[in-house]
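**Student:** In the working numbering, the protein residues as written are 2 to 362.
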Ligand code: SF4
Ligand SMILES: [Zn+2]
């Protein structure tokens, strides 16, 4: 196991992790556990693990459980990461591990993200989970990206913040290999950890769960304020940014999404693309019986956001709502059919009126 970074320890063995705003205080497992290492027989309690289930306090030192433990490794079109204005048509190597610092009951990737909750009554089984995923080195990831002619590596599927140590090492090597770096994230990361990753990032898709403080804590067990601060900070660093939000009846509806759009326009820029994701009940973690939005409702929100002044709004429900339209003359400049794209733009400018489309190649 690798020692974690960014934590404070005390003489009593208590540890405070500083990777995300949860700032978990984690209790030590006693020394005899160290001799057993894998610790299946040792009694591990919930309080020995961080909230994300990826960090464990062994006798006053914090270790990561998911370093190099890869749950998914896929070559995909960059559009699958909900990045429509970043290197359109390129391929990315998507890398995911396990664990998350949120608890969204609507999560689609809960089998890998919600491991901490899944082992709640038997925390020691986190070691079995860890071992069930293959160990891959940062170098192997770079080799795979290059062999598959990927332009970028995307840290995605589960929250990349909780694999900070492994992702930093991989990003360092990726930069040397001239690969671009993408994070698909919930944005819930501490200011100091964000500073560590910012120099490496080329593009970010940040998922805003709800534009509502109460729902962030009751539903996702997170906090909206640090997420919004991070969103603004990422945009100011000129890192390519796109935002996603899930449309969910009674939770994240038109009113909340309009408030989010207003924040994007006033605090960042109307050019930032916003992606509407339609909630799917059957694949969710704990909301199988929740109502799903209709396509008509999503198209209504999509139209309203454009009327309200966002330049690029997308919804993956039909070809019309996936295209890139020129915000000035309305001509289609990038047509998307599934993940096939047809570019008609003139190197990032509208072929018809020359308006900038804010595309990074
Ligand atoms: S990264 Fe995990 S252990 Fe660290 S503060 Fe966040 S939830 Fe807690
Ligand atoms: Zn135009």
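Virtual Cβ for every residue (Gly too), placed ideally from N, Cα, C.
#1: What is the rounded straight-line gap between the Cα of residue 78 and the Cα of residue 14?
#2: Would you check if there are 3 or more beta carbon pairs closer than 8 Å linking the segment 68-76 to the segment 163-181?
#3: Near residue 282, which residues of its chain fall below 8 Å by C-beta distance, leaving aside the five closest residues on each side in sequence?
#4: Measuring from each Cβ to the nearest heavy atom of ligand 2, keep the ones under 6 Å and list them in chain order.
#5: Note down the Cα distance separating residue 125 from residue 55, rounded to an integer number of angstroms.
#6: Beta carbon of residue 349: closer than 6 Å to some heavy atom of ligand 1?
#7: So, is residue 335 buried or exposed, given that buried needs 16 or more other C-beta atoms within 10 angstroms?
#8: Less than 7 Å between the beta carbons of residue 243 and residue 274, yes or no?
#9: Out of curiosity, what's the CA-to-CA distance linking residue 355 and residue 228?
#10: If you drop the 5 nearest sequence neighbours on each side, which residues of the same chain put their C-beta closer than 6 Å to that of residue 325?
#11: Taking its Cβ as the centre, do 16 or more other Cβ atoms sit within 10 Å of residue 233, making it buried, or is it exposed?
#12: Quick check: is any heavy atom of ligand 1 less than 6 Å from the C-beta of residue 163?
#13: Using three-state DSSP, classify residue 242 as helix, strand or coil.
#14: Closest to residue 23 by C-alpha separation, out of 338, 224, 360, would be which residue?
#15: So within the segment 220-283, which uninterrupted alpha helix (DSSP H) runs reach at least 4 residues, ignoring any that extend past its ends?
#16: Going along the chain, which residues of its own chain have a beta-carbon closer than 6 Å to the beta-carbon of residue 120, five neighbours each way excluded?
#17: Cβ of residue 18 versus every heavy atom of ligand 4: is any distance shorter than 6 Å?
#18: Check whether the Cβ of residue 51 lies closer than 6 Å to any heavy atom of ligand 1, and answer yes or no.
#19: Contact between the segment 261-268 and the segment 77-92 is defined here as three or more beta-carbon pairs at a separation below 8 Å; is this criterion met?
#20: Return helix, strand or coil for residue 59, following the three-state DSSP convention.
#21: Given residue 302, which residues of its chain have a CB within under 7 Å of its CB, disregarding the five upstream and five downstream residues?
#22: Would you check whether ligand 1 has a heavy atom nearer than 6 Å to the C-beta of residue 108?
#23: Which whole-angstrom value describes the C-beta separation of residue 18 and residue 51, a residue pair presumed to lie in contact below a C-beta threshold of 8 Å?
#24: Mind pulling the beta strand (DSSP E) runs of 3 or more residues that sit fully within the segment 158-226?
#25: Assign residue 203 to buried or exposed, taking buried as 16 or more other Cβ atoms, counted over all protein chains shown, within 10 Å of its Cβ.
#26: DSSP state of residue 78, grouped into three classes?
#27: Kindly indicate which residue of 100, 2, 49 has the alpha-carbon position closest to the one of residue 157.
**Tutor:** On the basis of the coordinates in this document:
#1: For the purposes of this step, residue 78 is identified with residue 77 of the chain shown, where counting begins at 1. For the purposes of this step, residue 14 is identified with residue 13 of the chain shown, where counting begins at 1. Whole-angstrom Cα-Cα distance: 46 Å.
#2: Counting C-beta pairs closer than 8 Å gives three or more between the segment 68-76 and the segment 163-181, which meets the contact rule.
#3: Sequence index remark: in the chain shown, residue 282 carries index 281 (1-based). Counting only residues of its own chain and dropping the five nearest sequence neighbours on each side, residue 282 has a CB closer than 8 Å to the CB of 288, 289, 290, 291, 292, 293.
#4: That gives 327, 329, 330, 332, 351, 353, 354, 356.
#5: What you label residue 125 is simply residue 124 of the chain shown in a count that begins at 1. What you label residue 55 is simply residue 54 of the chain shown in a count that begins at 1. Straight-line Cα distance between these residues: approximately 12 Å.
#6: Counting from one through the chain shown, the residue named residue 349 turns up at place 348. Because no heavy atom of ligand 1 lies under 6 Å away, the Cβ of residue 349 does not count as near it: no.
#7: The residue you call residue 335 lines up with position 334 of the chain shown. It counts as buried.
#8: Position 242 of the chain shown, counted from the first residue, corresponds to residue 243. Position 273 of the chain shown, counted from the first residue, corresponds to residue 274. Their beta carbons are under 7 Å apart, which means residue 243 touches residue 274 by this criterion.
#9: Locating residue 355 in the chain shown gives position 354, counting from the first residue. Locating residue 228 in the chain shown gives position 227, counting from the first residue. Computed Cα separation, rounded: 35 Å.
#10: As a working mapping, residue 325 is identified with position 324 in the chain shown. If you ignore the 5 residues before and after residue 325, its C-beta comes within less than 6 Å of the C-beta of 334, 335, all in its own chain and listed in chain order.
#11: Residue mapping note: residue 233 aligns to position 232 of the chain shown, counting from 1. Flag for residue 233 reads exposed.
#12: Position 162 of the chain shown holds residue 163. Residue 163 Cβ: within cutoff of ligand 1.
#13: Position 241 of the chain shown, counting from 1, holds the residue named residue 242. Three-state result, residue 242: strand.
#14: Along the chain shown, one-based indexing puts residue 23 at 22. Residue 23 has its Cα closest to that of 224, out of 338, 224, 360.
#15: Fully enclosed alpha helix (DSSP H) runs of 4 or longer: 225-237, 255-264.
#16: Taking the first residue of the chain shown as position 1, residue 120 is located at position 119. Around residue 120, the same chain offers 126, 127 as residues with beta carbons nearer than 6 Å, after the five sequence neighbours per side are excluded.
#17: Ligand 4 is absent from the structure shown, which contains only ligand 1 and ligand 2.
#18: If you number the chain shown from 1, residue 51 lands on position 50. Indeed, a heavy atom of ligand 1 lies less than 6 Å from the Cβ.
#19: Flag = no, the segment 261-268 and the segment 77-92 do not touch.
#20: Taking the chain shown and counting its residues from 1, the one referred to as residue 59 is at position 58. Of the three classes helix, strand and coil, the one that applies to residue 59 here is strand, per DSSP.
#21: As a position in the chain shown, residue 302 is number 301, starting the count at 1. Excluding residues within five positions, the ones whose Cβ falls inside 7 Å are 248, 255, 258, 277.
#22: In the chain shown, the residue the question calls residue 108 occupies position 107. No, ligand 1 has no heavy atom inside 6 Å of this Cβ.
#23: For this step, residue 18 is matched to residue 17 along the chain shown. For this step, residue 51 is matched to residue 50 along the chain shown. The pair is a contact, with the Cβ atoms about 5 Å apart (cut-off 8 Å).
#24: As far as the segment 158-226 is concerned, its whole beta strand (DSSP E) runs of at least 3 residues are 181-186, 204-208.
#25: The residue labelled residue 203 in the question sits at position 202 within the chain shown. Residue 203 is classed as buried because its beta carbon has at least 16 other beta carbons within 10 Å across all chains shown.
#26: Here residue 78 refers to the residue found at position 77 when the chain shown is read from its first residue. Residue state, collapsed to three classes: strand.
#27: Sequence index remark: in the chain shown, residue 157 carries index 156 (1-based). Measuring from the Cα of residue 157, the nearest candidate turns out to be 100.
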